[in-house]
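Residues -12 to 64 in my numbering are what the sequence shown spells out, letter by letter.
Quick notes on the structure that follows.
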Amino acid sequence: MARITKFELASMQRFQLHDPIDAKIFSHEYDGRRLIQISTYGRDTRKDTGKLSQTIQLDEEAARQLFQFLGREFGFR
């Protein structure tokens, strides 16, 4: 579980495609700030199917950084 405050573009030597999973996204106000939380859940093959696996939170600045990156990479407008 983590709150991301900054993204940094990096490169990988080896890339592996992961198994598909479900995720839920939440919007919440905390201390006057809007936060987005993305929670992922276990693969269908996992012993505890549907159990919370990872959670990340983004504040407005981190969300802006991610949005700009996604726009460049996928051509979003």
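Glycine is no exception: its CB is placed at the ideal position from the N, C-alpha and C atoms.
Closest by C-alpha distance to residue i, when choosing among the options
i: Gln52; options: Gly29, Lys(-7), Ala(-11); result: Lys(-7)
i: Ile43; options: Leu(-4), His5, Ala10; result: Ala10
i: Ala50; options: Gly29, Ser14, Asp31; result: Ser14
i: Tyr17; options: Phe56, Gly58, Glu47; result: Glu47
i: His5; options: Arg30, Arg21, Glu60, Lys34; result: Arg30
i: Phe25; options: Glu60, Gln3, Ala(-11); result: It is worth fixing the name first, because residue 25 is Ile in this sequence and not Phe. The shortest Cα separation from Ile25 among Glu60, Gln3, Ala(-11) belongs to Ala(-11).
Assumed close pair residue i, residue j - CB separation to whole angstroms, cut-off 8 Å
i: Ile(-9); j: Leu45; result: 6 Å
i: Ser40; j: Thr27; result: 5 Å
DSSP-derived helix/strand/coil call for residue i
i: Arg64; result: coil
i: Arg(-10); result: strand
i: Phe54; result: helix
Every unbroken beta strand (DSSP E) within the stretch 17 to 51, with a cutoff of 3 residues, ordered by chain: When DSSP assignments are scanned along the stretch 17 to 51, the uninterrupted stretches of beta strand (DSSP E) that are 3 or more residues long and fall wholly within it turn out to be 20 to 28, 39 to 45.
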